[in-house]
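K.L.:
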Amino acid sequence: MTKLDSIIASVDIIKKACTVDSVVLVVDRSGIIVAFAAADFMPNRPEVGVARLPEEAAVYRAMERKEVVSEMREVIKSQACPIIEDDGSVSGAIIMSQSLETQKNLSAAACDLASSSEQLAATTEELGAAASKLAEELVRVKIGSESVLSNISQTDDILRFVSDVAANSNLLGLNAAIEAARAGEHGRGFAVVADEIRKMAANSAQSVDEIKKILQKIHSETTGVAGTIGSASEFSERQAAATEEIAATVQSLAATAAKVEKIAGEL
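Under our numbering, the first residue of the sequence shown carries the number 1, and numbering increases by one thereafter.
Below you can see the structure in the form of structure tokens.
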């Protein structure tokens with residue numbers, strides 16, 4: 001049995017080994033003797049019984065040169081291998097034509113993926129930078145609110161001092177009124193002054209109470225704001241960290257897409 005006969009007898013095995021987008025022909029000097037396809041990508045593919053393929057076909061060049069010949073036409077890649085018998089004669093050739101449409105689509109998809117990944121990476125980096133900036137700003141605001149709370153606490157000492165002055169002034173006014181009463185007619189002018197001192201002390205004490213209430217309210221509201229800012233700051237920091245992780249993942253995806261694009265282009 002010749003090698004050509006062996007190949008013809010092994011057609012069923014060859015069919016199983018073919019990819020889904022390929023056409024295989026076995027020819028001899030008279031024409032095509034075996035033809036089968038695993039897909040319909042070649043609308044006018046040759047069939048058994050066709051006398052001969054064009055002289056420039058890769059299969060005949062392979063037979064003439066006694067070497068493997070490859071060629072590329074549009075989206076079809078073909079490779080022809082001569083069938084050389086033991087005596088050195090060429091009895092025929094086998095050629096496989098494979099559609100590159102899948103590789104072409106894969107390359108285009110990989111290119112789109114790489115482009116989209118790069119854009120997503122850039123956007124994510126910008127988002128990460130913005131999140132980091134926000135976190136920094138919130139930290140500064142938090143420090144500012146804590147400073148306000150500290151300043152409010154310091155005013156307590158001032159208010160206590162003013163309250164003590166008011167109490168002492170009231171006591172002084174009371175003593176002055178007593179002395180004015182003792183002086184009788186001669187102490188009338190002093191009594192007026194003593195009365196004004198007591199009024200001033202009372203007004204000062206009332207003002208201190210009002211200021212305390214206002215400061216307590218400010219302290220309470222500022223404490224709430226500081227707590228909210230603290231929570232927002234922590235969330236912003238977590239968001240910035242998460243965004244950095246996403247950016248790293250997207251960059252890795254972009255690198256993988258670039259590799260896929262390169263591999264698809266080499267198929």
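Every residue gets a Cβ at the ideal spot worked out from N, C-alpha and C, and that includes glycine.
Indicate the three-state DSSP secondary structure (helix, strand or coil) for M96 in the structure shown.
P.N.:
DSSP places M96 in strand when its eight states are reduced to three.
K.L.:
Go ahead and label M72 buried or exposed: buried means 16 or more other beta carbons lie within 10 angstroms of its beta carbon, across all protein chains shown.
P.N.:
Looking at its Cβ environment, which holds fewer than 16 other Cβ atoms inside 10 Å, M72 is exposed.
K.L.:
Is DSSP giving K77 helix, strand or coil here?
P.N.:
Three-state DSSP puts K77 in a strand.
K.L.:
Taking just the CA atoms, how far does A122 sit from E237?
P.N.:
Rounded to whole angstroms, E237 to A122 spans 20 Å at the Cα level.
K.L.:
Suppose you measure from the CA of A202 to the CA of A166; what does that come to, to the nearest Å?
P.N.:
Their Cα atoms are separated by approximately 7 Å.
K.L.:
The alpha helix (DSSP H) with S6 in it runs from where to where?
P.N.:
Taken as a continuous stretch (DSSP letters only), the alpha helix (DSSP H) holding S6 covers 3–9.
K.L.:
I need the DSSP call for A37, collapsed to helix, strand or coil.
P.N.:
Correct three-state label for A37: strand.
K.L.:
With a threshold of 7 Å on Cβ separation, who are the neighbours of G230 within its own chain once the five nearest residues in sequence on each side are excluded?
P.N.:
Cβ neighbours of G230 beyond the five flanking positions: K142.
K.L.:
Given this structure, state the Cα-to-Cα distance separating V208 from V162, to the nearest angstrom.
P.N.:
Answer to the nearest angstrom: the Cα atoms are 7 Å apart.
K.L.:
Rounded to the nearest angstrom, how far is the Cβ of L25 from that of I83, given a contact under 8 Å?
P.N.:
So it is not a contact: roughly 12 Å between Cβ atoms.
K.L.:
Applying the criterion that 16 or more other CB atoms from any shown protein chain within 10 Å of the CB defines a buried residue, is I119 buried or exposed?
P.N.:
For the sequence presented, residue 119 should be read as Gln rather than Ile. Exposed, because fewer than 16 other Cβ atoms sit within 10 Å of the Cβ of Q119.
K.L.:
Take the Cβ of V192 as the centre, count every other Cβ of all protein chains shown within 10 Å, and call the residue buried at 16 or more, exposed below.
P.N.:
When all chains shown are included, V192 counts as exposed.
K.L.:
Quick check on G31: does DSSP put it in helix, strand or coil?
P.N.:
The answer is strand: DSSP assigns G31 an E or B state.
K.L.:
What's the gap between the Cα of G92 and the Cα of A37?
P.N.:
Roughly 19 Å between the two C-alpha positions.
K.L.:
May I have the straight-line CA-CA distance separating V23 from T243, to the nearest angstrom?
P.N.:
Their backbone Cα atoms lie some 50 Å apart in a straight line.
K.L.:
Leaving out five residues before and five after Q135 in sequence, what residues of the same chain have Cβ atoms less than 6 Å from its Cβ?
P.N.:
The residue you asked about is not Gln; residue 135 is Ala in the sequence shown. Taken in chain order, the residues that qualify are S236, E237, A240.
K.L.:
Compute the Euclidean distance between the alpha carbons of H219 and R198, then round it to the nearest angstrom.
P.N.:
Cα to Cα, the separation comes out at about 31 Å.
K.L.:
Hey, how far is the Cα of K217 from the Cα of N151?
P.N.:
Answer to the nearest angstrom: the Cα atoms are 14 Å apart.
K.L.:
Is D157 buried or exposed, if buried means 16 or more other CB atoms sit within 10 Å of its CB?
P.N.:
D157 comes out exposed.
K.L.:
According to DSSP, is V68 helix, strand or coil?
P.N.:
Of the three classes helix, strand and coil, the one that applies to V68 here is coil, per DSSP.
K.L.:
Go ahead and pull the three-state DSSP assignment for S89.
P.N.:
Looking at S89 - three-state DSSP - the assignment turns out to be coil, as it is neither helix nor strand.
K.L.:
By a C-beta neighbour count over all protein chains shown, 10 Å radius and 16 as the cutoff for buried, is M63 buried or exposed?
P.N.:
M63 should be labelled buried.
K.L.:
Look at the alpha carbon of V75 and the alpha carbon of A58, and state the distance between them as a whole number of angstroms.
P.N.:
One C-alpha to the other measures close to 16 Å.
K.L.:
Tell me which residues share the same chain as V260 and place their Cβ nearer than 6 Å to its Cβ, disregarding the 5 neighbours each side in the sequence.
P.N.:
A110.
K.L.:
Count the other C-beta atoms from every protein chain shown that fall within 10 angstroms of the C-beta of G128, then say buried if there are 16 or more, exposed otherwise.
P.N.:
Answer is buried; the Cβ neighbour count reaches 16.
K.L.:
When the distance is taken between beta carbons, is S147 closer than 8 Å to S169?
P.N.:
Not a contact, by the Cβ cut-off of 8 Å.
K.L.:
Please list, in chain order, all residues of the same chain as E85 whose beta carbon is under 8 Å from its beta carbon, the five residues on each side excluded.
P.N.:
Contacts found: T2, K3, L4, S91.
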